[in-house]
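Colleague:
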Amino acid sequence: MDPIDSLLGNFGRYQLWICFIIFLSKFGVGLHQMAIIFLAPPVRYTCTPSCSISCDNPVYDKSEFDRTIITEWNLICKKAWLKDLTQTFFQFGVLVGSFVFGVASDRYGRRKTLLISVILEIFTGIVVAFLPDYWSFTLIRMILGISVGGIMVVAFVLVMEFVGTKNRDVICSLFHLPFTLGHMALALFGYYLRDYVHFQMGLSLTSLILLIYICILPESPQWLIATNQPFKAIELMEKVAKINGRPIDVVRRRIEAYQLDSIKFTHKKGNVVDLFRTPNLRKNIIVMSFTWFVSSYCYYGIAHYISHLTGNIFINVVASSSVCVMGCLLVIPLVKNFGRKILVIIFHTFCGICLIIVAFIPEGIASVIMGCIGVLLCFMAFIVSYIYCSEMFPTIVRNAAIGIASVFARVGAMLAPFVAGLRPHGKWCAPILFGVFPIISASLCLLLPETKGVGFLTTLEDGENLGFYILYCPVMYFVFINHKLYRKVADFLFALWELYPVALFQWCCKTELHHYGDYVNPDETTIIIMNHRTRVDWNYIWIALYHATQRKKYSTYVKESNSMDFFSKCKHIFDTISGGTAKIKFVLKDEIKSVPGLGWIMQLNYFLYVKRNWQEDQLSLSQYVDYYKKLNYRQRVILFPEGTDLSEENRRRSLKFALSKNLPNYEYVLHPRTTGWAVLCSRLRDAGLTSIYDVTVAYDSPPQTEMDLLKGNLPKHVHFYFKRYAIEDLPLQEDDLRHWLQDRWKEKNSCLEKFHVDGSYIDFKAKATPKKHEPRSLFVAKLAFIIWTFFDVLFIYSLYYSILFRFWVIYHTLLFILVTKYFEGFHNIQYKIFNKVP
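Everything in the sequence shown is counted per this note's numbering, starting at 13 for the first residue and increasing by one.
1) Kindly list the residues whose CB is nearer than 6 Å to the CB of Trp29, restricted to its own chain and excluding five residues on each side of it in sequence; keep chain order.
2) Let me know the secondary structure DSSP gives Met542 once reduced to three states.
3) Could you spell out where the alpha helix (DSSP H) holding Asp748 opens and where it closes?
4) Beta carbon of Ser418, beta carbon of Thr303: below 9 Å?
5) With H, G and I counted as helix, E and B as strand and the rest as coil, what does DSSP make of Asp629?
6) So the beta strand (DSSP E) Arg877 belongs to, where does it begin and stop?
7) Round the Cβ separation of Thr537 and Arg695 to the nearest angstrom and send it over; I've been treating them as touching at under 8 Å.
8) Among Ile381, Phe111 and Pro53, which has the Cα closest to the Cα of Leu87?
9) Should Thr290 be labelled buried (16 or more other beta-carbon atoms within 10 Å of its own) or exposed?
10) Look up Phe598 in the DSSP assignment and give the residues it is bridged to.
11) Which same chain residues end up closer than 6 Å to Tyr678 when comparing Cβ atoms and leaving out the 5 residues on each side of it in sequence?
12) Please look up how many angstroms separate the CB atoms of Glu654 and Pro684, rounded, as I've assumed it's under 8 Å.
13) Kindly confirm or deny that the segment 72-79 and the segment 196-211 touch, where touching means at least three C-beta pairs closer than 8 Å.
14) How close, in whole Å, do the beta carbons of Glu173 and Ser129 come, if the pair is a contact with beta carbons under 8 Å?
15) Only counting runs of 4 or more residues, tell me where the alpha helix (DSSP H) segments fall wholly within the segment 111-162, in order along the chain.
16) Identify whether Asp207 lies in helix, strand or coil by the three-state DSSP scheme.
17) Going by other Cβ atoms of all chains shown within 10 Å of its Cβ, with 16 needed for buried, is Val71 buried or exposed?
18) With DSSP collapsed to three states, give me the class of Asp741.
19) Would the beta-carbon of Glu510 fall within 9 Å of that of Ile416?
20) Would you tell me roughly how many angstroms separate the C-alpha atoms of Trp519 and Ser789, rounded to the nearest one?
21) Since His559 is in the beta strand (DSSP E), which residue starts that stretch and which ends it?
22) Give the DSSP-derived three-state secondary structure of Asp530 in the structure shown.
23) Which word fits His103, buried or exposed, when buried means at least 16 other C-beta atoms lie within 10 angstroms of its C-beta?
24) Note down the Cα distance separating Gly447 from Asp73, rounded to an integer number of angstroms.
25) May I ask you to verify whether the segment 359-370 touches the segment 144-161, counting CB pairs closer than 8 Å and requiring at least 3?
26) Would you be able to state if there are at least three C-beta pairs under 8 Å between the segment 189-198 and the segment 325-334?
27) Taking only three categories from DSSP, how would you classify Thr686?
28) What is the rounded straight-line gap between the Cα of Val285 and the Cα of Phe305?
29) Name, in chain order, the residues that DSSP records as bridge partners for Glu510.
30) Among residues of its own chain, excluding the 5 on either side of Tyr26, which ones have a beta-carbon nearer than 6 Å to its beta-carbon?
31) Spatial neighbours of Arg56 within its chain, please: C-beta separation below 8 Å, excluding the five flanking residues on both sides.
32) Please state whether the Cβ-Cβ distance between Phe187 and Val165 is less than 9 Å.
33) How big is the Cα-Cα spacing for Ile541 and Glu740?
34) Ala710 bridges to which residues according to DSSP?
35) From the DSSP output, in three-state form, read off Glu660 for me.
36) Could you have a look at Ala428 and say whether DSSP puts it in helix, strand or coil?
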């Protein structure tokens with residue numbers, strides 16, 4: 013588990029303070045990045061008769077600016093390109109600084125490298141104001157760019173490592189706000205400081221406040237842990253936890269356990285080459301790099317170009333920067349509610365249209381407004397692209413991907429001044445060259461996957477859910493003809509679908525599953541009880557059951573088949589392929605049945621839904637048991653007795669409950685809800701229940717929510733311990749069953765405590781370490797994955813090209829919405845039809 017989320021909270025008072033002091037550095041970055049607007053503004057001049065050929069001694073109009081780098085070194089006529097070259101050198105310095113200080117921060121720490129970057133920025137910013145010639149000015153300004161690049165990268169990393177995962181997309185958006193405020197403040201500095209020396213000095217002196225970093229800037233706790241400095245990390249995190257009002261007594265124990273987990277599990281390291289090994293990653297990194305290039309190229313270029321348009325330069329700068337301030341705030345609800353891909357496509361498309369319009373309208377207020385809209389759209393595309401890139405690539409190559417994209421962004425920024433400077437050659441040149449590229453970028457983004465709610469991992473899974481749901485739809489009508497046939501076909505399809513997440517997580521995402529303890533008999537009615545470590549446990553229990561289910565040897569299978577008639581043999585093959593005669597069923601929260609696609613599939617499979625209201629749940633449970641008992645149906649019921657996952661908030665609630673009931677405090681599990689379990693066990697005992705499997709799960713790096721999966725925070729190792737109890741060994745009375753479950757959870761907490769210390773479980777009854785089993789071959793799962801992926805492609809193709817199929821999808825979607833709303837699910841219709849209730 014990420015110690016920041018679990019110990020410090022997602023966003024408390026300390027994180028607010030950190031964001032404030034770090035954001036100060038970004039203000040100076042905005043000043044220096046956009047300073048070229050007032051260092052080299054457009055100036056009017058006339059050549060005297062003595063310099064009519066070479067313009068060595070022109071007469072400048074100083075009514076607006078006293079002195080600029082253009083007037084100081086005569087950067088006009090044939091030397092006009094040099095004013096753009098100085099900005100290109102500056103952006104090259106930003107590129108170098110991003111790389112050098114990024115690497116240095118990993119090796120020497122975030123605090124040291126950020127301090128060095130800030131001091132270098134202040135020093136070079138002051139020195140550059142007094143340099144006597146153009147080339148020394150350009151060289152030192154490039155070094156200033158190196159310091160700015162270091163601040164940009166290290167400040168962002170430091171903020172992200174203090175902020176919990178829940179708020180990172182918001183903070184990522186707000187991180188650009190001080191930059192735009194710095195851009196806006198340039199107009200104020202330029203208005204009062206009309207001499208470029210005074211102007212440059214004024215910008216640099218504002219950064220003196222950053223020297224307070226020497227006294228107050230903390231090191232990143234994640235970096236301290238990663239570099240084996242636990243004592244410093246513990247000291248810092250206890251301080252932060254205290255300020256945030258979090259418990260500090262568990263900090264030391266949790267940090268030490270986290271370090272042990274990090275030592276036990278080694279992770280494969282990725283590099284730049286890995287991004288080009290597979291066609292999918294290769295396509296993604298190429299398109300994403302071009303998107304970053306376009307965003308940077310257009311943003312810096314348009315902002316520079318607008319300042320040169322007809323009108324007041326100060327008003328133009330305030331206008332273009334103000335819309336970016338609005339963009340920082342506007343993008344937050346957009347990234348929360350809309351996909352990254354569609355946002356980038358829309359922003360770049362309309363950005364391109366606005367800029368092309370600028371080329372064909374007269375200069376004036378209208379052109380400034382259209383240009384500002386273009387800046388706004390491009391800036392928001394840049395923010396979304398940063399989030400998009402960080403979510404698109406696997407964890408082991410994410411930094412490499414962002415690094416490559418950043419290089420292309422700097423290249424775009426280096427080219428932008430030259431394109432913006434084409435205005436003297438025709439007012440249409442720059443807008444057209446800026447406007448075409450966003451439209452090309454938007455077109456290429458159509459090739460990228462969506463990561464908001466459907467990242468690489470979940471895109472496959474959710475697409476599979478919808479396609480699989482449509483495949484199920486014809487089957488649902490069997491319930492009105494032959495109920496047993498409907499049940500068999502529906503369960504067979506679902507059993508085949510269970511193989512999909514096995515291949516998806518293990519084959520595609522390289523998750524390793526470790527199985528300890530007993531095997532699961534696929535032909536007996538059983539209840540599988542399991543600790544609810546994260547909200548995504550259900551993704552991994554299918555993998556665990558795939559490996560833990562006891563399969564018959566081939567010779568036994570052949571021997572049994574030879575003694576059967578044709579129909580019995582077909583049934584035997586059917587049961588074997590579908591994972592045994594006992595089908596998997598879940599006990600789930602009632603709201604899950606309303607999830608489009610997946611929730612509707614679960615309705616068709618008649619899972620048990622609970623509302624946490626015993627009066628209603630008792631009726632649902634009775635109907636569920638009665639339905640399957642009358643069908644003479646074997647099942648493996650998966651139950652999470654805790655009722656919710658082990659988040660920090662739920663841990664506090666469990667602790668409060670334990671104190672009120674005088675129960676022990678658990679570190680690794682929550683106290684189980686025992687009433688529903690006891691009733692379910694008693695009712696199923698009368699319906700042929702033969703065993704209980706107590707399952708304990710542990711992750712090397714738990715994905716606490718679905719968002720962790722979307723961001724690529726996938727565990728590399730998942731450990732499942734299965735312990736079988738025969739039903740004869742369990743007590744008969746419901747009160748005794750409740751106590752039996754509480755005893756198991758007490759053992760489970762101790763078992764997990766041992767696991768987090770030395771990496772091994774313990775069987776308390778045998779007083780020994782349970783046996784670890786070899787994983788089962790993934791051949792069958794891979795085959796199912798390929799088949800279902802084919803159906804996905806067929807589903808998408810049909811949805812796109814067939815009007816009839818679109819009608820079929822819309823009809824059944826509306827049907828399930830209505831059935832869920834007015835009948836509380838298709839499973840209730842199944843029960844009434846089966847029992848012939850009007």
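Glycine is no exception: its CB is placed at the ideal position from the N, C-alpha and C atoms. Here the structure is a predicted model, which means the values were calculated and not measured.
Modeller: The answer reads as follows:
1) none
2) Three-state result, Met542: strand.
3) The continuous alpha helix (DSSP H) containing Asp748 extends over residues Glu746 to Asp770.
4) no
5) If DSSP states are grouped into helix, strand and coil, Asp629 belongs with the helices.
6) The question about residue 877 has no answer here: the residues shown for the chain are numbered 13 through 850.
7) About 12 Å; that fails the 8 Å criterion.
8) When each option's Cα is compared against that of Leu87, the closest is Pro53.
9) The residue is exposed, with fewer than 16 neighbouring Cβ atoms inside 10 Å.
10) Ile650
11) Asn761
12) 6 Å
13) yes
14) A Cβ-Cβ distance of about 17 Å is found for the pair Glu173 and Ser129, leaving them out of contact under the 8 Å criterion.
15) 122-139
16) strand
17) exposed
18) Under the three-state reduction of DSSP output, Asp741 falls in the helix class.
19) no
20) 11 Å
21) From DSSP, His559 is part of no beta strand (DSSP E) but of the alpha helix (DSSP H) over Asp549 to Ala560.
22) Judged by DSSP in its simplified three-state form, Asp530 adopts coil rather than helix or strand.
23) For the sequence presented, residue 103 should be read as Gln rather than His. Gln103 comes out buried.
24) 33 Å
25) no
26) yes
27) The answer is helix: DSSP assigns Thr686 an H, G or I state.
28) When only Cα atoms are considered, Val285 and Phe305 end up about 20 Å apart.
29) Per DSSP, none; premise fails for Glu510.
30) Excluding positions up to five away in sequence, the list reads Val252, Ile255 and Asn256.
31) Non-local beta-carbon contacts of Arg56 in its own chain, meaning distances under 8 Å to residues more than five positions away in sequence, involve Tyr72 and Asp73 in chain order.
32) With a cutoff of 9 Å on beta-carbon distance, Phe187 and Val165 are scored as not near each other.
33) 17 Å
34) His731
35) helix
36) helix
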